[in-house]
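Report on the structure given below.
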Amino acid sequence: MKTILEIENKIKELDLLYKKIRDGKRTSELTVKEFETVVDISKQSESLNEELYEMFNTNAITILDGINSVRILDDGKEKFMAVLSDEYGALMHYKRITDDQYNSFV
462 MKTILEIENK
472 IKELDLLYKK
482 IRDGKRTSEL
492 TVKEFETVVD
502 ISKQSESLNE
512 ELYEMFNTNA
522 ITILDGINSV
532 RILDDGKEKF
542 MAVLSDEYGA
552 LMHYKRITDD
562 QYNSFV
């Protein structure tokens, strides 16, 4: 299983590649190859974001239910707190937390 840090780094890599290819060009100005690459990058990013969501949805400890769920996760390297929207089921945001913060939640 990938760590959140590995997923983040891959998303950043893809984002840089995406920006380099687009470089201010409109979609109609892209070559067929560039367009296919941009579509592939978008699909990969979406897939990685789904992996993040799954990690927080299935492996994390829920500490608060309501409009949003706050989930705490230790991915093996670092500890994170995430907010997931119960209404839409979306990962709204997440941040790294310290061991002390983690221990105060669990």
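With our numbering, letter number 53 in the sequence shown gets 514, and the count goes up by one each step, no holes.
Using N, Cα and C, we set each Cβ at its ideal position, and we do this for glycine too.
Remember, it's a predicted structure, so these values are computed and weren't measured experimentally.
Query raised in the report: How about T464 and D536: are their beta carbons less than 7 Å apart?
Result: Contact check for T464 against D536 passes: the beta carbons are separated by less than 7 Å.
Query raised in the report: To the nearest angstrom, how far is it from the Cα of A413 to the Cα of L513?
Result: Given that the chain is displayed from residue 462 to residue 567, the structure contains no residue 413 and the question cannot be resolved.
**Report entry** Backbone secondary structure at L491 - three-state DSSP
**Finding:** L491: coil per DSSP, three-state reduction.
Report task. Give the secondary structure of D560 by DSSP, where H, G and I count as helix, E and B as strand, and everything else as coil. Result -> Under the three-state reduction of DSSP, D560 is assigned to helix.
Query - Environment of I522 [buried if 16+ CB atoms lie within 10 Å] - result: I522 should be labelled exposed.
**Report entry** For L478 and E490, the rounded distance between their alpha carbons
**Finding:** Between E490 and L478, the C-alpha separation is close to 17 Å.
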